[in-house]
Amino acid sequence: MSDNDKNRKPRTEKSINQKIASAQMRLNRLKTKEKYLSKSAETRLKIILGAEVAKAVGCKVDEVDKELILGLILQSSNISIEDKARLKLRGKRFLEDMVGRQK
Numbered sequence: 000m001s002d003n004d005k006n007r008k009p010r011t012e013k014s015i016n017q018k019i020a021s022a023q024m025r026l027n028r029l030k031t032k033e034k035y036l037s038k039s040a041e042t043r044l045k046i047i048l049g050a051e052v053a054k055a056v057g058c059k060v061d062e063v064d065k066e067l068i069l070g071l072i073l074q075s076s077n078i079s080i081e082d083k084a085r086l087k088l089r090g091k092r093f094l095e096d097m098v099g100r101q102k
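Following this note's numbering, the numbering of the sequence shown begins with 0 at its first residue and continues without gaps.
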């Protein structure tokens with residue numbers, strides 16, 4: 000044994016409370032990481048949606064007429080089920096035909 004090994008204090012076993020505290024800290028770090036990743040994924044989806052709306056309107060994102068788009072969306076609650084299905088199909092086709100679209 001070297002001098003360092005002789006001078007070193009033996010490791011003491013962690014108490015149950017210390018183990019619980021360590022596990023709680025790890026859990027909190029993982030929850031924080033999960034929240035960050037979830038928020039990042041949601042933000043990414045919002046950005047993609049905005050870009051797809053701009054593409055459908057035929058302009059840049061900063062040129063989209065937000066009031067018109069929101070008005071159209073609000074008006075959609077007043078249309079028939081058949082019209083909604085027809086519009087949804089039209090939107091689906093548009094997205095399928097979009098070049099370079101990420102799913």
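Quick reminder that beta carbons are idealized off the backbone N, C-alpha and C, glycines included.
Rounded to the nearest angstrom, the gap between the Cα atoms of Lys-18 and Val-63 is 55 Å.
Pairing Leu-94 with Glu-51 gives a Cβ-Cβ distance under 8 Å. About 6 Å separates the CB atoms of Val-60 and Gly-49; that is less than 8 Å, so the two are in contact.
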